[in-house]
Structures are given as structure tokens and as C-alpha cells.
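Structure first, then comments.
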Amino acid sequence: MSSSKRFIPISEDIVLEAVKIAERDGIPLRDFIERVLSEVVRVMRFRSNVLDVLANADAVEDIRRVSGVLLPSNFVYKLLESVSEEDFKTLVEDVRKIASWYGVLAKVKRGPSVYEFKRVLSLWLPDMNVDVIDLGGRFKVVASSPNQPLRATLIARHVVEELAKSMDLKLSSLEFSKGLVSVVIEGGLIG
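Sequential numbering of the sequence shown, starting at 836, is according to our numbering.
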């Protein structure tokens, strides 16, 4: 790294906020700013939209808080197929409650937009591709996975429904079949 320095004007509000964080973490302000910028530049080499990266990191941290864990999908599929119907119903209800709570949290922290909904679904349903299609005032959101068994799709259906409701997104339709969940959202913010 070069030892030459350059002055760059930064708003005082940002500097004061950085001072608070640096003091809280016991790091000199200059070192804190340099670390933050260094990490942002490193991430931007691979993904140009640092705001998406930060929002994803925050969303993943929220999932961790609700006891979310990553497991190999094949293991999860086998586990879902092996549990009794009663245990599966209990699991679905637990997932619905957690998804509802998480949706409220996502709405409060990052706003109730269709693209935030897509981000949340992509994190909650890592084995599914999530696409958004603009229908002019309505949005079709499709989550799909060619290898997903029916029980996993049933859970995905409830996750989609609860997240949408708790994020105040109005569903005009919801369809699902093995490996596919499709919803149409009326209105909804794009951003």
C-alpha cells in the first residue's frame, strides 16, 4: 500500500458517526476509515454494488439471529422426507412464525420493496432461483428449483407467503407445485 496521503472532503455527519464507531471498537479513526475503505474496495473488485453486499450481510446476520443455519440441501431434503406428518406440520408452523417476524424486521430495516423481498427470498431459499418479472404495476416473483422435493416446496410456499404478508406486500395470486412457487404482487415499491 502506498504511504502517500490524500485529503478527501467527507461530510461531518459521516465523520462523527465514524468517530463513535471507532471509539466504541477502540480503534484510531484513521485506522478505522482505512480498514473500512480497504474492505469496500476489496469487495467491489468482485461485486460492483457494495450496497447490495452490505444489505446481504445485514440480512444474513438477521437470519443467524433467528437460529438460521446452512445445511447441505440433500441432507435437508432427506430429513424433510423422513419426519412424521405431525412433526412436519410443527416445522411448517415454526417456519411461518420465524418468516413473519423476519419479514417485519426486513421491512423496518431495509424497506418493503419488491427487490428487498427478492433478496430475502434468495437468502431464505438458497436452493431456489428467485426471479422478478415486472408486469407494469404488478410484479411476478418466481422461486424455482428443479431438484426440490414437495415438502421443501411446501415450506418455501409458506416462507414466500409469510414474508410477503409481513413486509406489507399485497399478493394477488400464489401458485406452487413441486420445485416452483410463483406469486404476483400488486403495486409494491421497486427499489
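Don't be surprised by glycine CBs; every beta carbon is placed ideally from N, CA and C.
These numbers come from a predicted model, not from an experiment.
Beta bridge counterpart(s) of residue i as assigned by DSSP
i	result
D966	V977
S1008	V1019
Simplified DSSP assignment, three categories, for residue i
i	result
F923	helix
M879	helix
V918	coil
G938	helix
R841	coil
S873	helix
N884	coil
S804	With the chain running from 836 to 1026 in the structure shown, residue 804 is simply not present.
K1013	coil
L851	helix
D866	helix
Beta carbon of residue i nearer than 8 Å to that of residue j
i	j	result
V930	I990	yes
V1040	F952	Only positions 836 to 1026 of the chain appear in the structure, and residue 1040 is not among them; the question remains open.
F1011	R986	no
Residue of the options minimising C-alpha distance to residue i
i	options	result
P984	E916, P907 and S839	E916
I933	V994, S919 and D887	V994
T988	V850, V943, E869 and F923	F923
S1017	E996, K1000 and M1002	E996
G971	L1015, S839, I1020 and R877	I1020
R973	L1004, N964 and V911	L1004
S948	S935, Y912 and G1022	G1022
V965	W936, L1015 and L1006	L1015
A978	S1007, K1000 and K1013	K1013
K1000	W936, D969, I968 and D848	W936
V943	S873, L998 and R877	L998
Any non-hydrogen atom of the ligand ZN within 7 Å of residue i CB
i	result
L905	Absent from the structure shown: the ligand ZN. Ligands present: none.
Between the CA atoms of residue j and residue i - distance to the nearest angstrom
i	j	result
V955	A941	8 Å
T925	V918	10 Å
D860	F867	9 Å
S980	V875	32 Å
E869	F842	13 Å
L889	V871	12 Å
L960	K840	45 Å
N982	P863	51 Å
D962	N909	10 Å
M1002	P907	28 Å
R880	A892	17 Å
L851	E858	11 Å
S789	R865	Here the chain has residues from 836 to 1026 only, and residue 789 is not among them.
D848	S957	34 Å
V885	L905	23 Å
V854	I845	13 Å
V911	G946	31 Å
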